[in-house]
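Here the structure comes first, spelled out in structure tokens, and everything after it is commentary.
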Amino acid sequence: MMVFSRRTWSSGSGEGTEGGASMPKKMVAFLVLLNQLICKFNTALHDILEELYPGIASRIFNILPRDAFLSGPGTNTEEIRELQELQRTLYTFLHVITTHDLSSVFLSPRSRGYLDPMMQLLLYAACNHKDLLVRKVPGFQTFVLETFAANCCLYSVLDKSFEFRDAHTLVLFGEIVMAQKVMYEKFGNDFLVHFVSKSFPAVCCPQDLVAQYCQKLQGNDIEALKFFYQSLIENLRLQQNGSLVFR
């Protein structure tokens, strides 16, 4: 039986090399292994993934650029190619997590701080990534709009573990609301189709609240949207009466 801990993949300092392999290459190999294990064992890996994800996210978001990779003469280096491969592997890793009922890992106390950079990275890739294999890959934009948006912007905040009385949680909630606004501005009606027309009915959101949400989303007052969305979530929680289980 293989036992995983942070020491399973952590070796050396951030971006150095050991045994001829760079840190991005090692992380790619480790994420590929995790993807295979998740596909095989599904939610049985939840506790292990919850343990490992904060360390993985910390390393990746520290070394990957927040926007585009540099382009032009002298930029097509081995280092850049390794980072691009790591970025593509990260997208696959996040997709595998969300499609195997493990999205709650993103909302664990130690992982919540990485939710905003993850959202920003995915939004940038879906809208602006220069690599068409990433930006135009079949299903990637749908994944961002439907799976990612539904899990992180709706199902996660419906879960009772998302405590509105906690100050840090309220900051995170503000980022989640802002992400919805950004997705609407980037994708327009596509966001409404995927998030509003599919995700809200799945949690039995009343049509009048759906209409009010759309009105607030299309307006310019982000604080009004945030206030309304919190009220909507609290109403849905009462309606669910504890029956929703976020996985």
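For the sequence shown, the residue numbers in the working numbering are 1 to 247. Just so it is clear, CB atoms sit at the ideal spot from N, CA and C, and this is done for glycine as well. Just so you know, these numbers come straight off a predicted model, no measurement behind them.
Nearest-angstrom Cα separation, counted from LEU209 out to LEU232: Residue 232 sits at position 232 when you count from the first residue of the sequence shown. Residue 209 sits at position 209 when you count from the first residue of the sequence shown. About 7 Å.
Hey, PRO24 and LEU83 are a contact pair by Cβ (cut 8 Å); roughly how many whole angstroms apart? By one-based count along the sequence shown, residue 24 stands at place 24. By one-based count along the sequence shown, residue 83 stands at place 83. That belief holds up - the Cβ atoms of PRO24 and LEU83 are roughly 6 Å apart, short of 8 Å.
Output the boundary residues of the alpha helix (DSSP H) element that contains PHE30. Here residue 30 refers to the residue found at position 30 of the sequence shown. 23–41 is the span of the alpha helix (DSSP H), which, as asked, contains PHE30.
With the cut-off set at 8 Å, would you say ASP190 and LEU145 are in Cβ contact? Your numbering for residue 190 matches position 190 in the sequence shown. Your numbering for residue 145 matches position 145 in the sequence shown. Yes, the pair counts as a contact, with Cβ atoms nearer than the cut-off.
Whose C-beta lies closer than 6 Å to the C-beta of LEU31 among residues of the same chain, with five residues either side of it excluded? Position 31 of the sequence shown, counted from the first residue, corresponds to residue 31. The beta carbon of LEU31 is closer than 6 Å to those of THR89, PHE93 in its chain, skipping five residues each way along the sequence.
Are there any heavy atoms of the ligand ADP lying less than 7 Å away from the beta-carbon of ASN189, as far as the coordinates show? Judged by which ligands are present, the structure shown has none, so any question about the ligand ADP falls away.
ARG112 and LEU172 closer than 8 Å at C-beta: Translated into the one-based positions of the sequence shown, residue 112 becomes position 112. Translated into the one-based positions of the sequence shown, residue 172 becomes position 172. Result yes, Cβ atoms of ARG112 and LEU172 sit closer than 8 Å.
Suppose you measure from the CA of LYS216 to the CA of LYS181; what does that come to, to the nearest Å? Position 216 of the sequence shown holds residue 216. Position 181 of the sequence shown holds residue 181. Whole-angstrom Cα-Cα distance: 10 Å.
Answer yes or no: do MET183 and ALA224 have a C-beta to C-beta separation smaller than 8 Å? As a position in the sequence shown, residue 183 is number 183, starting the count at 1. As a position in the sequence shown, residue 224 is number 224, starting the count at 1. Taking a C-beta distance under 8 Å as the contact criterion, MET183 and ALA224 do not qualify as a contact pair.
Anyone know if the C-beta pair for VAL196 and LEU236 falls short of 8 Å? On the sequence shown, position 196 is the one that residue 196 refers to. On the sequence shown, position 236 is the one that residue 236 refers to. Result no, Cβ atoms of VAL196 and LEU236 do not sit closer than 8 Å.
Considering only C-alpha positions, which residue in the set LEU123, PHE164, SER104 is nearest to ALA179? If you number the sequence shown from 1, residue 179 lands on position 179. With distances taken between Cα atoms, ALA179 lies closest to LEU123.
If you measure between the beta carbons of GLN240 and PHE164, is that distance less than 8 Å? The sequence position of residue 240 within the sequence shown is 240, counting from 1. The sequence position of residue 164 within the sequence shown is 164, counting from 1. No, the pair does not count as a contact, with Cβ atoms beyond the cut-off.
Which whole-angstrom value is the C-beta distance of LEU64 and LEU34, which I expect to be below 8 Å? The residue labelled residue 64 in the question sits at position 64 within the sequence shown. The residue labelled residue 34 in the question sits at position 34 within the sequence shown. Not confirmed; about 17 Å, so no contact.
Report the option in ARG81, LYS198, SER199, GLY174 whose CA atom is closest to the CA atom of PHE228. Position 228 of the sequence shown, counted from the first residue, corresponds to residue 228. Cα-wise, what sits closest to PHE228 is GLY174.
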